[in-house]
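Participant: Structure incoming, see below.
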């Protein structure tokens with residue numbers, strides 16, 4: 001009987017396998033397992049490298065670039081002797097141009113920009129206070145229009161609060177790589193401000209209404225985090241029982257800027273609930289250049 005060719009091939013293959021498999025079967029199994037492990041390792045390494053590349057690209061877009069002026073300004077670190085030589089003297093005896101005062105501020109009241117970024121950075125970022133951003137968006141649009149949508153600009157925000165609530169600079173920082181100085185003298189929102197990982201210096205103080213440092217009294221609403229500067233009863237809107245008084249160390253704005261060697265500023269957001277004009281009067285305009293201001297003024301606090 002003549003068997004088909006296909007059957008002969010199948011029988012030949014079966015005989016070969018029966019002879020070889022007992023000898024090399026376990027090596028074949030080991031080889032296949034190793035091959036599978038290599039493929040899995042290759043996939044894992046590729047995925048990890050891809051993830052790290054994407055992360056680097058993401059951070060490169062979202063972080064402040066090296067071209068940002070606030071990152072490249074040479075911060076002047078004055079000698080410790082200037083700080084310790086007058087430690088028993090009163091701060092009120094120092095003027096805003098004093099190198100000793102500038103060194104004291106830099107050492108004790110300035111927090112450098114965070115090396116990290118908010119975990120919400122990216123296209124999926126959503127504000128913590130979505131109902132409170134419309135006004136700030138209009139302010140940012142106006143500022144960007146004045147600067148032709150400039151990137152890597154510098155700002156000052158006095159009355160920074162927690163760094164996001166009614167912030168006039170956060171969107172500039174996040175989407176246009178601006179950076180600068182955030183000034184906040186209320187310790188309650190200050191903790192949140194430092195946790196925001198803002199790409200800006202934080203000055204944990206208030207702004208003095210004179211050219212010298214001074215301790216000033218504020219009122220904090222029991223249900224909010226805004227500051228109301230006490231400038232006399234005629235500037236207070238009433239309801240004293242709803243406010244909590246607290247004191248804060250204040251420094252002249254020029255002393256803070258000089259401590260950071262920052263004498264040219266693109267945008268200054270000033271919102272300190274009633275002391276704006278007095279603060280502006282302390283600025284030596286022949287020594288600093290501030291290009292654009294936004295000043296929030298409440299009618300109840302305006303001097304008649």
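Numbering (the UniProt record's numbering), first residue to last: 1 to 304. For glycine and all other residues, C-beta sits at the position ideal for the given N, C-alpha and C. Note that the structure is predicted; figures quoted are calculated from it, not measured.
Nearest-angstrom Cα distance between residue 182 and residue 35?
Facilitator: Looking at the two C-alpha atoms, the distance is approximately 57 Å.
Participant: Do residue 205 and residue 180 have their beta-carbon atoms positioned less than 8 Å apart in this structure?
Facilitator: Against a cut-off of 8 Å, the Cβ pair of residue 205 and residue 180 comes out as no contact.
Participant: Within 10 Å of its beta-carbon, does residue 253 have 16 or more other beta-carbons around it, so buried, or fewer, so exposed?
Facilitator: buried
Participant: Between residue 248 and residue 218, is the Cβ-Cβ spacing less than 8 Å?
Facilitator: yes
Participant: Excluding five sequence neighbours on each side, which residues of the same chain lie with their C-beta closer than 8 Å to the C-beta of residue 263?
Facilitator: 257, 287, 288 and 289
Participant: When the distance is taken between beta carbons, is residue 272 closer than 8 Å to residue 163?
Facilitator: no
Participant: Could you spell out where the beta strand (DSSP E) holding residue 269 opens and where it closes?
Facilitator: 264 to 270
Participant: Can you pull the DSSP bridge partners for residue 293?
Facilitator: 268
Participant: Which same chain residues, not among the five before or five after residue 156, have their C-beta less than 6 Å away from its C-beta?
Facilitator: 180, 181, 265 and 268
Participant: Is the Cβ-Cβ distance between residue 201 and residue 111 less than 8 Å?
Facilitator: yes
Participant: Is DSSP giving residue 69 helix, strand or coil here?
Facilitator: In this prediction, residue 69 scores a pLDDT of 46, lower than 50, which makes its location untrustworthy; no coordinate-derived value is stated.
Participant: Is it the case that the Cβ atoms of residue 199 and residue 173 are separated by a distance below 8 Å?
Facilitator: yes
Participant: Under 6 Å Cβ to Cβ from residue 101, same chain only, skipping five residues before and after it: list those, please.
Facilitator: 94 and 255
Participant: Count the other C-beta atoms from every protein chain shown that fall within 10 angstroms of the C-beta of residue 346, then say buried if there are 16 or more, exposed otherwise.
Facilitator: Absent from the structure is residue 346, since the part of the chain shown begins at 1 and ends at 304.
Participant: I need the straight-line Cα distance from residue 296 to residue 270, nearest angstrom please.
Facilitator: 7 Å
Participant: Looking at residue 161: is its Cβ nearer than 8 Å to the Cβ of residue 189?
Facilitator: yes
Participant: Give me, in chain order, the residues of the same chain whose beta-carbon lies closer than 6 Å to that of residue 291; leave out the 5 immediate sequence neighbours on both sides.
Facilitator: 266
Participant: Out of 150, 192, 208 and 149, which has the shortest C-alpha to C-alpha gap to residue 277?
Facilitator: 208
Participant: Mind checking who residue 203 pairs with in its DSSP beta bridge?
Facilitator: 110 and 183, per the DSSP bridge assignment.
Participant: Using DSSP with H/G/I as helix, E/B as strand and the rest coil, what is residue 251?
Facilitator: Residue state, collapsed to three classes: strand.
Participant: Within 10 angstroms of the Cβ of residue 37, are there 16 or more other Cβ atoms? Answer buried if so, exposed if not.
Facilitator: exposed
Participant: Quick check on residue 178: buried or exposed, where buried means 16 or more other Cβ atoms within 10 Å of its Cβ?
Facilitator: buried
Participant: What is the DSSP secondary structure of residue 283, counted as helix, strand or coil?
Facilitator: coil
Participant: Hey, residue 213 and residue 176 are a contact pair by Cβ (cut 8 Å); roughly how many whole angstroms apart?
Facilitator: Actually they do not touch by this definition, with Cβ atoms about 33 Å apart.
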